[in-house]
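Visitor:
In this note's numbering, the protein residues as written are 1 to 194.
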């Protein structure tokens, strides 16, 4: 195993980026709200976790797990806030159970980690922010989200494996690879044959 003297093998995470026009719309919304900004709107599939093994080993396990999943539709519904962190997010309706199944399967073996907070599928739009800023920011986000004049659903079909190398702290993530889930039609055909 390739370990640094401190045993730091880096941090891994997995996300699914939203396609346009939804992705661009949410990026613009995020830029208008207080808090940290992530330039690309995404649903977290596997929250960041320190690796106990080399990144290549963890990545191989993730790819093998993803082979079993099909693309699925996700609908974004309501603006909510995490009370522990004052982070605003949009909650998925349809597709939430499928995101949870992906997370449960991926959070095992060399990718297993105890989460700081219980896993809840979401799309972060702002935060963390001060308690006094939260009501106004949430009202603004709800107003902009309701004004979107295009469908609020997308096909979740690509999963991206992200990594920060040893000693990189809160630096930039490196996109190591992406995996396209099996076509959604194949899932429907399989379901009909049983």
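Cβ atoms here follow ideal geometry from the backbone N, Cα and C, with glycine treated the same way.
(1) Is residue 173 helix, strand or coil by DSSP?
(2) Check this for me: beta carbons of residue 9 and residue 54, under 8 angstroms apart or not?
(3) Which residue marks the beginning of the alpha helix (DSSP H) containing residue 195, and which one marks its end?
(4) Bridge partners of residue 196, per DSSP?
(5) So if DSSP puts residue 92 in a beta bridge, which residue, or which two residues, is it bridged to?
(6) For the pair the segment 59 to 72 and the segment 127 to 140, tell me if three or more CB-CB distances fall below 8 angstroms.
(7) In chain order, what residues of the same chain have a beta carbon less than 8 angstroms from the beta carbon of residue 192, not counting five sequence neighbours either side?
(8) Which one of 102, 93, 82 and 101 has the shortest CA to CA distance from residue 128?
(9) Quick check on the burial criterion: 16 or more other C-beta atoms within 10 angstroms. Buried or exposed for residue 175?
Guide: Looking at the coordinates:
(1) Locating residue 173 in the chain shown gives position 173, counting from the first residue. In this structure, residue 173 counts as coil in the three-state DSSP scheme.
(2) Here residue 9 refers to the residue found at position 9 when the chain shown is read from its first residue. Here residue 54 refers to the residue found at position 54 when the chain shown is read from its first residue. In this structure, residue 54 lies closer than 8 angstroms to residue 9 by Cβ.
(3) Any property of residue 195 remains undetermined from this structure, which presents the chain solely from 1 to 194.
(4) The shown model of the chain, from 1 to 194, leaves out residue 196, and the question about it has no answer.
(5) Translated into positions along the chain shown, residue 92 becomes position 92. DSSP, once it has assigned bridges, lists 76 as partnering residue 92.
(6) As far as the Cβ criterion goes, the segment 59 to 72 does not touch the segment 127 to 140, which means the pair count is below three.
(7) Along the chain shown, read from residue 1 onward, the residue named residue 192 stands at position 192. Below a pLDDT of 50, predicted positions are generally treated as unreliable, and residue 192, at 44, falls in that range; no measurement from the model is reported.
(8) Start at 1 with the first residue of the chain shown, and residue 128 comes out as number 128. Of the candidates 102, 93, 82 and 101, the one whose C-alpha sits nearest the C-alpha of residue 128 is 82.
(9) Residue 175 sits at position 175 when you count from the first residue of the chain shown. Exposed, by the Cβ-count rule.
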